[in-house]
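As structure tokens, the structure follows; a few thoughts come after it.
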Amino acid sequence: MSFKISPAVGLVMSELLVDGRGKTVDISSFSPTRFAEGAPIKAEFEYSDD
Amino acid sequence: MQRGLGVKVELIDRAQLKHLEPDWAVDEVDLAAYEPDSGYGDGAGAANDFLARARDLRVMYLSKTESSLRIEAERVCIDSVTATYFRSDAQDKFLVGDFYGRRGADPDNFPQRAAHHELEEIIERACHRVPKLENAEVMRGATGVYDMTPDWRPLLGEIGALGDCMSAPAFPA
Chain Z
1 MSFKISPAVG LVMSELLVDG RGKTVDISSF SPTRFAEGAP IKAEFEYSDD
Chain E
1 MQRGLGVKVE LIDRAQLKHL EPDWAVDEVD LAAYEPDSGY GDGAGAANDF LARARDLRVM
61 YLSKTESSLR IEAERVCIDS VTATYFRSDA QDKFLVGDFY GRRGADPDNF PQRAAHHELE
121 EIIERACHRV PKLENAEVMR GATGVYDMTP DWRPLLGEIG ALGDCMSAPA FPA
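Residue numbers (this note's numbering), protein chains in the order written: chain Z, 1 to 50; chain E, 1 to 173.
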């Protein structure tokens with residue numbers, strides 16, 4: 001493992017806690033409730049091992 | 001989007017990739033994404049080194065203070081053709097891993113060692129990209145459970161059922 005997106009996640013999570021939303025980037029689509037709501041993230045170009 | 005956030009990333013063609021990595025076999029590669037500033041860094045090691053050095057220097061912690069760092073990192077290759085990733089350890093060893101998507105695994109009972117035939121198969125794929133690895137010896141193999149969400153993306157935000165509890169797990173840290 002390395003650093004990867006950890007610094008960015010730390011930044012947007014601090015924004016979410018302090019300001020109520022991710023300001024650097026919109027992180028609303030990463031909501032933990034998205035699976036229960038039937039709205040998983042679908043990217044234009046997905047990873048695939050098919 | 002990445003460029004808009006200040007990430008240096010560019011698409012390079014086969015000739016440019018060959019120039020960067022002359023030892024790689026790249027005949028079937030049409031395009032590669034290249035990030036000149038990216039690479040492998042040991043997160044735990046870096047944090048521990050910062051802490052140890054700070055203690056040596058009797059450092060006082062000051063919040064909201066910026067400093068500058070000089071970063072040197074080993075290049076990492078994520079190869080979607082051979083489904084392998086690899087990097088040097090900056091000395092004389094080479095780490096090769098695979099990222100074959102979803103496999104069922106019991107987190108309380110999964111293989112603790114990489115099976116010989118699995119290592120052979122990964123090495124074969126890595127050699128496809130880096131032919132020089134044919135002369136390398138296997139030092140050891142490792143296994144692990146890599147927990148991912150169904151859409152492979154992190155969970156960032158409030159866990160509704162727990163009120164004010166925020167979560168930021170399930171991302172490849």
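Note that the Cβ used here is the ideal one computed from N, Cα and C, for glycine as well.
The structure presented is a predicted model; accordingly, all values stated were derived computationally and were not measured.
With the criterion set as a beta carbon lying under 8 Å from some beta carbon of chain Z, the members of the region 142-167 of chain E are T149, P150, D151, W152, R153, P154, L155, L156, G157, E158, I159, G160, M166 and S167, in sequence order. Chain E places no beta carbon closer than 8 Å to that of S14(Z), leaving this residue out of the contacts. Taking a cut-off of 8 Å on C-beta distances, the region 140-156 of chain E does not touch the region 31-38 of chain E, as fewer than three cross pairs fall below it. Judged by DSSP secondary structure, E10(E) falls within the beta strand (DSSP E) whose first and last residues are E10 to D13. Of all C-beta pairs linking the region 44-53 of chain E to the region 4-15 of chain Z, fewer than three are shorter than 8 Å, placing the two stretches out of contact. Only exposed fits D27(E), as fewer than 16 other CB atoms lie within 10 angstroms of its CB.
Assignment of V130(E) by DSSP, reduced to helix, strand and coil, places it in the coil class.
Relative to the Cα of V25(Z), the nearest Cα in the group Q2(E), L17(E) and A32(E) belongs to Q2(E). The Cβ-Cβ distance between A168(E) and V9(Z) falls below 8 Å.
Nearest in C-alpha terms to V96(E), of all of G104(E), D106(E), Y85(E) and E137(E), is Y85(E).
In this structure, the alpha-carbon of S88(E) lies about 7 Å from that of E74(E). In the three-state DSSP reduction, L51(E) falls in the helix class (H, G or I). Taking CB atoms only, F30(Z) has a neighbour in chain E less than 8 Å away.
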